[in-house]
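One structure is given below, encoded as C-alpha cells.
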Amino acid sequence: MKILTCPAHLQRLEEILRKSLPLALPVFGAVLNINRGNPGDFEVLVDKWPEFGAVLARPRGEVARGVTQCPGMCQVCSEHPWVPPGAGPVRAPHPCPHTGTPLSPPLTPASPRPAPGVRLGSLSPSDVDLLNDTWPYGGNARSRRYLAELLGRFPQVCLQDSSGQPVAWVLTDHFGTGTHSYTLPEQRRRGHMQVALTVAAQRAHARGFPTFG
1 MKILTCPAHL
11 QRLEEILRKS
21 LPLALPVFGA
31 VLNINRGNPG
41 DFEVLVDKWP
51 EFGAVLARPR
61 GEVARGVTQC
71 PGMCQVCSEH
81 PWVPPGAGPV
91 RAPHPCPHTG
101 TPLSPPLTPA
111 SPRPAPGVRL
121 GSLSPSDVDL
131 LNDTWPYGGN
141 ARSRRYLAEL
151 LGRFPQVCLQ
161 DSSGQPVAWV
171 LTDHFGTGTH
181 SYTLPEQRRR
191 GHMQVALTVA
201 AQRAHARGFP
211 TFG
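Numbering-wise (full-length UniProt numbering), the sequence shown opens with residue 1 and increments by one.
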C-alpha cells in the first residue's frame, strides 16, 4: 500500500472520507488528527492514489500485523482497511492544489452550565491513576501507559470541584473518538457529564471534527 505524505493528498482524503460518514468513521478521525498536527504520530495508507479502494490508518512505521491492540480500542483502523461502499474505487478528482476543509457547523442549542462550585478545567498527568482505576479496560500497567499517552497528546475535558479535584471528564483518542468518559459516583445526577460532553463536542466542531451520538 502507498503511504500518503503530501498535505494536499491528505486534505483531499479527508474531504472524501467526510462524504462517507458515518461509514468512514474508523479511519476519518485518524486522518483528521494527522492533518491537525498528528499528535498520535500516525500515518495513513491507500491501496493506490488517486483512485483508491481501501484506506488504512496505523501508528507510523508499523508493518503488516505489528499493531499492538490498545485496551478497548477498535482495531478496524489498524489491521483491516476501510473499504468504501460500492463496486468501484473512489477517485480523488483534484489531488492538487492543497485546499482547506470547511469547519463543521457549531452547536446551536444553549450550552449547559457547570453546577455551582464546579468549573471547567483540565486533567493533569498526576490524574492517570484515577483514570486507570475508573476505566472499564483499566487497572493494569498497559492501560495506564495508554491513558497517560492520551492525556499527553489529545484533547480532553474535565470538570473540577472548588478544590481543583476532577469530578467528571471526557478523553479522546487517536481516532478522534471518545474513549473514557466518567463521573465520580458521589457526583452523579448533577448534569456534569452533559456539560463535559457538550464542551467536548463544541471543541471538536471548532477543530473540524464531526460528532455522533
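No residue lacks a Cβ here, since even glycine has one placed at the ideal position from N, Cα and C.
In this text, all values refer to a predicted model and were calculated from it rather than measured experimentally.
Under 8 Å by Cβ, that's how I've got residue i and residue j pegged, so tell me the actual separation to the nearest angstrom.
| i | j | result |
| --- | --- | --- |
| G138 | L147 | 7 Å |
| G191 | A115 | 6 Å |
| F42 | I34 | 6 Å |
| R144 | N132 | 5 Å |
For residue i versus residue j, is the C-beta distance shorter than 9 Å?
| i | j | result |
| --- | --- | --- |
| A204 | Q156 | no |
| L45 | L4 | yes |
| L159 | V195 | yes |
| G176 | L197 | no |
Check the DSSP bridge columns for residue i and list the partner residues they point to.
| i | result |
| --- | --- |
| residue 216 | Residue 216 is absent from the structure shown; the chain starts at 1 and stops at 213. |
| F42 | P59 |
| L4 | V44 |
| G178 | T172 |
| T183 | A168 |
Could you tell me the distance, in whole angstroms, from the CA atom of residue i to the CA atom of residue j?
| i | j | result |
| --- | --- | --- |
| G121 | G164 | 8 Å |
| R153 | H174 | 9 Å |
| P112 | G40 | 31 Å |
| V167 | P26 | 30 Å |
| V67 | P59 | Caution applies to V67, whose pLDDT of 33 falls short of 50 and renders its modelled position unreliable; the value that the coordinates give is listed next. Those two C-alpha atoms are separated by around 8 Å. |
| A24 | A57 | 12 Å |
| S162 | S124 | 16 Å |
| C6 | P22 | 25 Å |
| G53 | L130 | 42 Å |
| Q202 | G61 | 33 Å |
| W193 | T134 | Per the sequence presented here, residue 193 reads as Met, with Trp not at that position. If you take the alpha carbons of M193 and T134, they lie about 15 Å apart. |
| K19 | G117 | 42 Å |
| A8 | A30 | 16 Å |
| H180 | R36 | 22 Å |
| P136 | M1 | 35 Å |
| D127 | W169 | 11 Å |
| F189 | L10 | As written in the sequence, residue 189 is Arg, which differs from the Phe given in the question. Cα-Cα distance, rounded: 43 Å. |
| N38 | V55 | 17 Å |
If we cut at 9 Å on Cβ distances, does residue i have a partner in chain C?
| i | result |
| --- | --- |
| I34 | Among the chains in the structure shown there is no chain C, since it carries only a single protein chain. |
Could you check whether the segment 203-213 touches the segment 12-29, counting it as contact only if at least three pairs of C-beta atoms, one from each stretch, sit closer than 8 Å?
yes
Cβ contact (3+ pairs, closer than 8 Å) linking the segment 182-199 and the segment 44-52
Verdict: no, contact absent.
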